[in-house]
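Novice: Counting in our numbering, the sequence shown runs without a single skipped number right up to 521 at its last residue.
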Amino acid sequence: MKNIFNNCEDVIIREINIASNCKYPAFAVYIANLTPLELIEKFIVNKLTELHFVENSDLNDAKYYENLFGVGKSDTFEDMNEVIDLVLEGTIALFIEGINKSIAINLKNPPGRSIDKPDTELSLRGPKEALTESADVNIALIRKRLKNRYLKIEKNRLGTNTKTDIIIIYLENIANPKIVSEVKNRINQVNTDSIFDSNDLQEYISDTRKGIFPTTFTTERPDSVVSKLLEGRIAIITDGSSCAVTAPAVFLEFLQVSEDYYLRYIPTTVNRWIRYFLFFISILLPGFYVAIITFHQELIPTSLLITIIKGRSNVPFPTLLETISMVFAFDALREAGLRMPRALGQAISIVGALVLGEAAVSAGLVSELMVIVVAFTGISSFTLGYPEMYMSISVPRYIFVILGGTLGLLGLNCGLIALIINFTAKRSFGVPYIAPLMPLVKDELDDAIIRAPIPSMKNRPKIMTWVQSIRRKKRPKN
């Protein structure tokens with residue numbers, strides 16, 4: 044072991060005399076800081092050194108030590124490679140003179156942060172817990188909410204160097220076994236030396252790796268994970284990542300938020316419609332502005348057209364270049380605000396937008412209406428709720444600006460048709476991306492276009508589930 048862990052200062056090889064007798068040597072191998080020293084002293088060192096009135100034959104018997112430490116045969120190993128992997132995970136490997144096996148004792152308590160509030164998926168109502176970087180803690184948060192014997196938790200390991208634990212979670216009596224099998228097959232086909240985050244795994248198992256919009260859903264809220272499991276989806280937890288991945292994912296998921304189910308259904312439905320509308324605004328508004336100003340001025344009321352012409356009278360750039368520059372400036376401010384420390388990032392976003400916008404208008408580089416259009420576009424994108432979505436729409440936004448500036452409304456219509464065709468052709472583990480709209484499933488529209496009262500949402504998504512497709516039965520008539 045000394046040769047194997049040579050120049051590894053954090054690997055401790057501690058010699059122990061059993062029963063305080065040098066005739067019975069042993070040594071424990073562990074990694075410092077992954078297991079508290081007081082636990083090692085209490086449960087291993089003290090137990091071994093304080094053994095008295097024990098027959099010599101027992102001191103050379105592996106079963107005696109299994110009973111002493113409360114471990115079974117599955118915790119004794121003869122293969123040195125298995126022992127090394129366990130030590131690197133934080134397990135203590137105990138070697139005893141005269142026994143050709145190593146006893147694995149799990150006392151690991153690696154450093155990690157406590158359960159905190161979600162950073163991105165904020166809500167006024169509902170639980171305030173977020174997933175952590177520990178897979179064990181995340182599993183416990185899900186188990187706490189889902190006390191179901193059909194909840195299956197399977198472990199896989201990826202990365203020849205990182206040996207990252209990948210946890211697959213699903214409800215056996217609800218999830219479609221074909222989708223479960225497909226998820227497992229894609230994970231088993233991953234061949235890499237490292238997996239650091241859930242996004243690494245997402246790019247390996249997604250249906251398309253070059254698409255703009257995500258086909259797997261990412262969340263940092265355990266209550267969201269549980270709700271997805273109850274709909275028949277599969278959750279994937281990557282050890283070391285504070286986000287869980289759920290699949291299959293459909294487009295409407297990214298326009299819905301967890302708070303939709305913690306508020307009354309009428310205001311929730313209105314808020315959903317607002318988000319649906321603002322999604323298209325965030326993509327189309329800059330391109331629509333360019334198309335109208337450049338090619339279709341006859342559609343603008345005369346009084347408004349005069350105001351626009353006055354505002355653009357000192358602008359030396361064509362509308363297309365002006366719009367692209369302003370959208371790019373907004374994206375730069377957004378990126379700077381995300382990368383800077385939280386307090387400083389907010390100051391940069393607010394002050395930067397005010398100062399740059401006012402300075403650009405005063406210098407005659409852009410018009411006042413252009414600043415309003417870009418600002419409203421940015422606000423619309425941030426209402427979507429999930430970083431994957433509001434970052435994904437940046438690409439089609441530039442495309443629609445170029446189409447509007449070159450082909451006018453015809454270009455916007457062609458681009459919108461192409462976007463709809465792309466959505467229609469896209470799949471997530473065999474599930475249509477824009478289900479239940481295409482193909483149309485009328486029974487599932489009560490949680491798609493609207494958010495119906497919870498008691499009236501009786502059916503789970505049929506395309507996801509297998510056995511139990513009914514959430515709740517009708518009340519019996521008296």
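All residues carry an ideal CB built from backbone N, CA and C; glycine is no exception.
How about the stretch 293-309 and the stretch 405-412: do they share at least three Cβ pairs that are nearer than 8 Å?
Specialist: no
Novice: Between Phe294, Met481, Thr261 and Asn228, which lies nearest to Asn242 when the distance is taken from Cα to Cα?
Specialist: As a first step, residue 242 must be located in the sequence shown, where it is residue number 199. With distances taken between Cα atoms, Asn242 lies closest to Thr261.
Novice: With 16 as the cutoff for other CB atoms within 10 Å, does Gln299 come out buried or exposed?
Specialist: Locating residue 299 in the sequence shown gives position 256, counting from the first residue. With 16 or more other CB atoms across the displayed protein chains lying within 10 angstroms of its CB, Gln299 is buried.
Novice: Please classify Pro68: does DSSP put it in a helix, a strand, or coil?
Specialist: Reading the sequence shown from its first residue, position 25 is the one you call residue 68. Here Pro68 sits in strand by DSSP.
Novice: Going by Cα to Cα distance, which pick from Leu77, Leu102, Arg156 and Tyr429 is closest to Phe322?
Specialist: Indexing the sequence shown from 1 puts residue 322 at position 279. Minimum Cα distance to Phe322 is reached at Tyr429.
Novice: Taking 8 Å as the cut-off, decide whether the C-beta atoms of Ser267 and Glu176 are in contact.
Specialist: If you number the sequence shown from 1, residue 267 lands on position 224. If you number the sequence shown from 1, residue 176 lands on position 133. Going by C-beta atoms, Ser267 is not nearer than 8 Å to Glu176.
Novice: Suppose contacts are defined by Cβ-Cβ distances below 8 Å. Is Phe86 in contact with Leu150 by that definition?
Specialist: Within the sequence shown, numbered from 1, the residue matching residue 86 stands at position 43. Within the sequence shown, numbered from 1, the residue matching residue 150 stands at position 107. Yes, Cβ-Cβ distance for Phe86 and Leu150 is below 8 Å.
Novice: Round the Cβ separation of Leu189 and Leu272 to the nearest angstrom and send it over; I've been treating them as touching at under 8 Å.
Specialist: Counting from one through the sequence shown, the residue named residue 189 turns up at place 146. Counting from one through the sequence shown, the residue named residue 272 turns up at place 229. Contact holds; Cβ gap of about 7 Å.
Novice: Let's see if you can read the secondary structure: which residues bound the alpha helix (DSSP H) around Ser368?
Specialist: Taking the sequence shown and counting its residues from 1, one reaches residue 368 at position 325. Taken as a continuous stretch (DSSP letters only), the alpha helix (DSSP H) holding Ser368 covers Thr362 to Arg382.
Novice: Rounded to a whole number of angstroms, what is the C-alpha to C-alpha distance between Gly169 and Pro496?
Specialist: Position 126 of the sequence shown, counting from 1, holds the residue named residue 169. Position 453 of the sequence shown, counting from 1, holds the residue named residue 496. Taking the straight line from one Cα to the other gives about 17 Å.
Novice: Can you tell me the Cα-Cα spacing of Ile279 and Tyr213, whole angstroms?
Specialist: Walking along the sequence shown from the start, residue 279 turns up at place 236. Walking along the sequence shown from the start, residue 213 turns up at place 170. Near 9 Å, if we compare the C-alpha coordinates of Tyr213 and Ile279.
Novice: Where does the unbroken alpha helix (DSSP H) through Asp208 begin, and where does it stop?
Specialist: As a position in the sequence shown, residue 208 is number 165, starting the count at 1. Where Asp208 is concerned, there is no enclosing alpha helix (DSSP H), although the beta strand (DSSP E) it sits in stretches over Thr207 to Leu214.
Novice: Checking contacts by CB at 8 Å: is Ser435 closer than that to chain B?
Specialist: Although the question refers to chain B, the structure presented lacks it and comprises just one protein chain.
Novice: Based on DSSP bridge pairs, tell me the residues matched to Leu94.
Specialist: Within the sequence shown, the letter at position 51 stands for residue 94. Bridge partners of Leu94: none, in fact.
Novice: Is Gly85 helix, strand or coil when you go by DSSP?
Specialist: In the sequence shown, residue 85 corresponds to position 42, counting from 1. Reading the sequence as shown, one finds Lys at residue 85 and not Gly. DSSP places Lys85 in helix when its eight states are reduced to three.
Novice: Gly113 to Thr119, Cα distance in whole Å?
Specialist: Position 70 of the sequence shown, counted from the start, is the residue given in the question as residue 113. Position 76 of the sequence shown, counted from the start, is the residue given in the question as residue 119. One C-alpha to the other measures close to 12 Å.
Novice: Between which two residues does the beta strand (DSSP E) containing Lys198 stretch?
Specialist: What you label residue 198 is simply residue 155 of the sequence shown in a count that begins at 1. From DSSP, the beta strand (DSSP E) with Lys198 extends over Leu194 to Leu201.
Novice: With distance defined between alpha-carbon atoms, name the residue in Asn228, Leu446 and Leu194 nearest to Ala216.
Specialist: For the purposes of this step, residue 216 is taken as residue 173 along the sequence shown, with counting starting at 1. The amino acid occupying residue 216 in the given sequence is Asn; Ala does not appear at that position. Looking only at Asn228, Leu446 and Leu194, the smallest Cα-Cα distance to Asn216 is reached by Leu194.
Novice: In terms of residue numbering, what span does the alpha helix (DSSP H) encompassing Ala461 cover?
Specialist: Position 418 of the sequence shown holds residue 461. Its alpha helix (DSSP H) spans residues Leu452 to Ala468.
Novice: Are the Cβ atoms of Leu77 and Gly133 separated by less than 8 Å?
Specialist: Reading the sequence shown from its first residue, position 34 is the one you call residue 77. Reading the sequence shown from its first residue, position 90 is the one you call residue 133. Yes, the pair counts as a contact, with Cβ atoms nearer than the cut-off.
Novice: Under the DSSP definition of a beta bridge, which residues are partnered with Thr261?
Specialist: By one-based count along the sequence shown, residue 261 stands at place 218. Looking at the DSSP assignment, Thr261 forms a beta bridge with Val288.
Novice: What three-state label does DSSP hand Tyr441 in the structure shown?
Specialist: Translated into the one-based positions of the sequence shown, residue 441 becomes position 398. Reduced to three states, the DSSP call for Tyr441 is helix.
Novice: Check the DSSP bridge columns for Thr78 and list the partner residues they point to.
Specialist: Stepping through the sequence shown from its first residue, residue 78 is reached at position 35. Ala75, per the DSSP bridge assignment.
Novice: Could you pull out every residue in the same chain whose Cβ sits closer than 7 Å to the Cβ of Ser424, ignoring the five residues on either side in sequence?
Specialist: Along the sequence shown, read from residue 1 onward, the residue named residue 424 stands at position 381. Excluding sequence neighbours, Ser424 sits near Ser325, Tyr433 and Ile436.
Novice: Excluding the five sequence neighbours on either side, which residues of its own chain have a C-beta within less than 8 Å of the C-beta of Asn521, listed in chain order?
Specialist: As a working note, residue 521 is residue 478 in the sequence shown. Caution applies to Asn521, whose pLDDT of 43 falls short of 50 and renders its modelled position unreliable; the model cannot decide the point.
Novice: What's the gap between the Cα of Thr420 and the Cα of Gly447?
Specialist: Within the sequence shown, numbered from 1, the residue matching residue 420 stands at position 377. Within the sequence shown, numbered from 1, the residue matching residue 447 stands at position 404. Going by the C-alpha atoms only, they are around 16 Å apart.
Novice: Please state whether the Cβ-Cβ distance between Phe331 and Leu427 is less than 8 Å.
Specialist: Residue mapping note: residue 331 aligns to position 288 of the sequence shown, counting from 1. Residue mapping note: residue 427 aligns to position 384 of the sequence shown, counting from 1. Going by C-beta atoms, Phe331 is not nearer than 8 Å to Leu427.
Novice: Quick check: the Cα distance between Ile230 and Pro361, rounded to an integer number of angstroms?
Specialist: Indexing the sequence shown from 1 puts residue 230 at position 187. Indexing the sequence shown from 1 puts residue 361 at position 318. Cα to Cα, the separation comes out at about 50 Å.
Novice: According to DSSP, simplified to helix, strand and coil, what is Asn60?
Specialist: Within the sequence shown, residue 60 is the residue found at index 17, counting from 1. Strand.
Novice: Inspect the beta-carbon positions of Glu466 and Phe294 and report whether they are closer than 8 Å.
Specialist: By 1-based counting over the sequence shown, the position of residue 466 is 423. By 1-based counting over the sequence shown, the position of residue 294 is 251. With the sequence shown as reference, residue 466 is identified as Phe, and Glu is not the correct amino acid for it. Yes, Cβ-Cβ distance for Phe466 and Phe294 is below 8 Å.
Novice: Could you compute how far the alpha carbon of Phe338 sits from the alpha carbon of Gly451?
Specialist: On the sequence shown, residue 338 is found 295 positions in, with the first residue counted as 1. On the sequence shown, residue 451 is found 408 positions in, with the first residue counted as 1. Looking at the two C-alpha atoms, the distance is approximately 6 Å.
Novice: Go to Ile317, then tell me how far its alpha helix (DSSP H) extends in each direction, as first and last residue.
Specialist: As a first step, residue 317 must be located in the sequence shown, where it is residue number 274. Note, Ile317: alpha helix (DSSP H), Tyr308 to Phe338.
Novice: Near Met481, what residues of its chain come up, given a Cβ to Cβ distance below 7 Å and the 5 sequence neighbours on each side ignored?
Specialist: On the sequence shown, position 438 is the one that residue 481 refers to. Excluding sequence neighbours, Met481 sits near Thr467 and Pro475.
Novice: In chain order, what residues of the same chain lie with their CB nearer than 6 Å to the CB of Val72, ignoring the 5 residues before and after it?
Specialist: Locating residue 72 in the sequence shown gives position 29, counting from the first residue. Excluding sequence neighbours, Val72 sits near Met44, Ile56, Val130 and Ala136.
Novice: Rounding to the nearest angstrom, what Cα-Cα distance links Arg440 and Pro344 in this structure?
Specialist: Counted from its first residue, the sequence shown places residue 440 at position 397. Counted from its first residue, the sequence shown places residue 344 at position 301. Rounded to whole angstroms, Arg440 to Pro344 spans 26 Å at the Cα level.
Novice: If you count every other CB in all the chains shown that lies within 10 Å of the CB of Ile351, and 16 or more means buried, which is it?
Specialist: Here residue 351 is taken as the residue at index 308 of the sequence shown, counted from 1. The residue in question, Ile351, is buried, as its Cβ has 16 or more Cβ neighbours within 10 Å.
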